[in-house]
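**Student:** Numbering (this note's numbering), first residue to last: 3 to 82. Built from N, CA and C at the ideal position, the CB exists for glycine as well. Remember, it's a predicted structure, so these values are computed and weren't measured experimentally. What follows is a single structure, and I will ask about it in a moment.
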């Protein structure tokens with residue numbers, strides 16, 4: 003039973019080591035878990051911006067002629 007546990011953990015370590023070798027994570031003083039957390043935080047921040055920016059900009063501000071920005075247009079421009 004102990005050999006099965008060692009084999010499973012060895013496969014897990016090999017995949018993490020390959021990931022680490024490619025991106026050189028430990029060489030830069032980080033861990034893969036820290037990098038994943040950072041990626042999730044950045045992704046959630048971008049989702050927040052893509053949703054909130056059109057709400058703010060298309061929310062009701064009008065120009066001299068009374069025109070407003072389209073929610074879809076501002077959302078598309080933000081996503082690009």
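Helix, strand or coil for residue 54 per DSSP?
**Tutor:** It is helical.
**Student:** Quick check on DSSP: helix, strand or coil for residue 80?
**Tutor:** In the structure shown, residue 80 sits in a helix (DSSP, three-state: H, G or I).
**Student:** One question on the structure: do residue 31 and residue 56 come within less than 8 Å of each other, judged by their Cβ atoms?
**Tutor:** No, these two residues do not count as a Cβ contact at 8 Å.
**Student:** Give a yes or no on contact between the region 69 to 76 and the region 42 to 59, applying the rule of three or more CB pairs nearer than 8 Å.
**Tutor:** Segments in contact, yes.
**Student:** How many Å lie between residue 36 and residue 82 at the Cα?
**Tutor:** Rounded to the nearest angstrom, the two C-alpha atoms are 28 Å apart.
**Student:** Please state the DSSP three-state secondary structure of residue 41.
**Tutor:** Helix.
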